[in-house]
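In what follows, a structure is listed as structure tokens, so that the remarks can point back to it.
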Amino acid sequence: MKKEETAITLANGGMHSQKAYRKIKDMLNNNYYTSPRLYHLVMMGSEQSRDYQAAMKALCLELRRKEIPCQWKGCLEVEDEKGLHFHVFILAEAKYRNPCSVLNHNSQHWLNVMMQKRELTYYIAPPENPMHRTRLGKRVNYATLAGDKLADCLVWISYLVKSRSKIQGMSRTYFGSQPNRAC
């Protein structure tokens with residue numbers, strides 16, 4: 674297999690796991706969604722991976738309850754400032770329902786309430802490339818996967834496999850939904 678790197682991984686200590694990157698790319702390249710959106714959620718506030726996994730399980734259940742199919746891939750990282758934190762990229766179908774009805778920052782909406790109950794903080798990191806902005810130039814919290822945008826999303830999602838901030842010797846670094854049991 675050819676070793677891959679992206680601008681993001683090169684700027685952050687290289688690629689931590691080629692195998693994980695192949696699985697992540699597969700999620701974007703081989704999904705059945707007709708109007709896919711990609712969200713980058715960062716969770717903080719716990720030193721236990723199971724707390725982040727439980728939050729993701731609850732989030733997937735809520736998306737499923739709202740009839741929004743989704744898949745996700747995530748990783749654990751440690752930094753002095755943030756401590757243990759969890760990055761997750763969520764690929765959601767937006768053809769019939771708007772995923773932003775669940776994935777938003779509004780203080781009274783479901784995601785914020787669920788995170789507060791679990792004593793976690795979070796933010797939704799928008800894509801940096803201006804190609805993902807609306808026609809009016811407004812920044813959105815998600816990326817669509819059409820044409821050149823897909824290529825940019827394949828680079829953006831490589832953030833999960835950068836070497837910087839990965840924990841050496843941790844039994845499990847990468848997490849995700851199963852393709853046949855996607856959330």
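Just so we're aligned, residue 674 is where the sequence shown starts under the numbering used here, counting upward by one. All residues carry an ideal CB built from backbone N, CA and C; glycine is no exception.
| Asked | Found |
| --- | --- |
| In terms of residues, what are the limits of the alpha helix (DSSP H) holding CYS826? | 821-829 |
| Using a Cβ-Cβ distance cut-off of 7 Å, determine whether LEU711 contacts chain C. | The structure shown contains no chain C; it is built from a single protein chain. |
| Have a look at ASP724 and GLU750 and give me their C-alpha separation to the nearest angstrom. | 14 Å |
| Classify VAL786 as helix, strand or coil using the three-state DSSP reduction. | helix |
| For ARG710, tell me which candidate among LEU701, PRO803, MET717 and LYS839 has the shortest Cα-Cα distance. | LEU701 |
| Would you list, in sequence order, the uninterrupted beta strand (DSSP E) runs of no fewer than 3 residues that lie entirely inside the stretch 676-722? | 709-717 |
| Shortest alpha-carbon distance to LYS676 belongs to which of GLY686, LEU736 and GLN691? | GLN691 |
| Mapping DSSP to helix, strand and coil, what is LEU736? | helix |
| For a test of the three-state rule: what should DSSP assign to LEU818, helix, strand or coil? | coil |
| Confirm the yes/no value for this check: CB of TYR694, any heavy atom of the ligand SAM, distance under 6 Å. | Summarising the ligand content, the structure contains no ligands, and the ligand SAM is consequently not present. |
| Would you kindly check if the distance between the Cβ of TRP783 and the Cβ of SER850 is under 7 Å? | no |
| Excluding the 5 residues flanking VAL828 on each side, which residues of the same chain have their C-beta closer than 7 Å to its C-beta? | THR679, ALA680 and ILE681 |
| For the beta strand (DSSP E) containing GLY756, list its first residue and its last residue. | 756-766 |
| So, with DSSP's three-state summary, where would you put GLN851? | coil |
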